[in-house]
Amino acid sequence: MKTGKIALITGATAGFGEACAERFAREGYRLIVTGRRTERLTALQEKLRTAYGTETLALTFDVRSKAEVVAALEQMPDAWKQIDVLVNNAGLALDLSTIDEGDTDDWDTMIDTNVKGLLYVSRTVIPWMKARNSGHIVNIGSTAAKTVYAKGNVYCATKSAVDAISQGMRIDLLPYGIKVTAVHPGAAETEFSLVRFKGDEDRAKDVYTGFQPLKAEDVADVVWYCASLPPHVCINDLVVTATAQANAYYTFK
Ligand code: NDP
Ligand code: 8X3
């Protein structure tokens, strides 16, 4: 059943974002899906249209570029700016290395994507939510926000920043009835490790051997649950891991 509601999901070309798009489509939302890979967005649009009759708007932009973010979102027709749920999901980790050996370009990419990208998208969308005194922002953090692990230094810091920004947003947006939820997943088998290890499939696969990790759909279910609660109920902060994982550091293999 169509709800008339709109969700904007960043990083919808893979993993959690793609699974969230499918989950929200199933629940009758209209969707704005974003990412850098246009062909994947087009395929997703077609899939959701066929399966659920979903109306989607696909926007190709790099969240690291303030100009691209603002231009892509501002040029949307006004009807698409009535966003009910923003899922700030686009993000990545690059490599595992000690602080004295880390690649500073990788650091820039992680900080620019995970922190500044989330801020640029939010800063553009929040005034539209504020004007309607309603909205829900779901920021995807990580267990890495809660527990720093060896060689995770900068990635963990970006996710700690997402945690802090979520707390700040929640306070600042209280007067407007806008909900802010931070969802912090543990290890989930998506393209995350393939990206982290720069295409090394064996190394990526190894992260998830010996235990059953989360699936993207598990995280999408949790995001949907948070978004589906009544207007007076807000989950502020939620950590979800595979049963075999205690925190970012300890996984029972
Ligand atoms: P995937 O690699 O499967 O998906 C990442 C998504 O982010 C892609 O759609 C990608 O799109 C998008 N993205 C990355 N960089 C940019 C950019 N510069 N501009 C626009 N979009 C971008 O990873 P996950 O689904 O696993 O990760 C999603 C989020 O969840 C990330 O923030 C990640 O840090 C976090 N997370 C992941 C966990 C895991 O174990 N998998 C656990 C906890 C948190 P495209 O390449 O097309 O631009
Ligand atoms: C992703 C989870 O532990 O691989 O945020 O960094 S972890």
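Every letter in the sequence shown is one number past the one before it in the UniProt record's numbering, and letter 245, counting from 1, is 245.
Glycine included, every Cβ here is placed at the ideal spot set by N, Cα and C.
As the structure is a prediction and not an experimental result, all values here were calculated from the model.
In this structure, S166 sits away from V154, with a CB-CB distance that is not shorter than 8 Å. The ligand NDP approaches F192 closely enough that one of its heavy atoms is under 7 Å from the residue's Cβ. If you compare the alpha carbons of I178, A144, T251 and K215 with that of C234, the shortest gap goes to I178. Residues whose Cβ lies closer than 5 Å to any heavy atom of the ligand 8X3, listed in chain order: S142, A144 and A248.
The distance from the Cβ of T60 to that of G35 is about 7 Å, consistent with a contact at the 8 Å cut-off. Ranked by how close their Cα comes to the Cα of E217, the residues A72, W107 and A187 have A187 in first place.
Remark: the shortest separation between the CB of L48 and any heavy atom of the ligand NDP does not fall under 7 Å. For T42, the closest alpha carbon among the candidates V69, R23, H232 and A14 is that of A14. Distances between the C-beta of A58 and the heavy atoms of the ligand NDP are all 7 Å or more. With a cut-off of 7 Å, the C-beta of G91 is classified as near the ligand NDP, since at least one heavy atom of the ligand falls inside that distance.
For the pair V240 and P185, the CB atoms are nearer than the 8 Å cut-off. Per DSSP, reduced to three states, the secondary structure at Q45 is helical. The beta carbon of N114 sits closer than 7 Å to at least one heavy atom of the ligand NDP.
For N88, the secondary structure class from DSSP, reduced to helix, strand or coil, is strand. Taking the Cβ atoms as the reference, D84 lies roughly 7 Å from H136, within the contact range of under 8 Å. When rounded, the separation of the alpha-carbon atoms in Y176 and G168 is 14 Å.
In this chain, D95 is not harboured by any alpha helix (DSSP H), its DSSP state being neither H nor E. By the Cβ criterion, the segment 223-231 is in contact with the segment 18-33, since at least three pairs of Cβ atoms, one from each stretch, lie closer than 8 Å. Around the beta carbon of N236, fewer than 16 other beta carbons lie within 10 angstroms, which makes this residue exposed. DSSP, read as helix, strand or coil, puts K179 in strand.
In this structure, the ligand NDP has a non-hydrogen atom nearer than 7 Å to the beta-carbon of R37. Taking 8 Å as the cut-off, the beta carbon of A144 is found closer than this to the beta carbon of A248.
About 12 Å separates the beta carbons of T113 and V69, which is beyond the 8 Å limit, so they are not a contact pair. In the structure shown, V63 adopts coil according to DSSP, grouped into three states. In this structure, the alpha-carbon of M76 lies about 17 Å from that of G4. Leaving aside the five residues that flank T158 on each side, the residues in its chain whose CB is nearer than 7 Å to its CB run, in chain order, M110, I111, N114 and V115.
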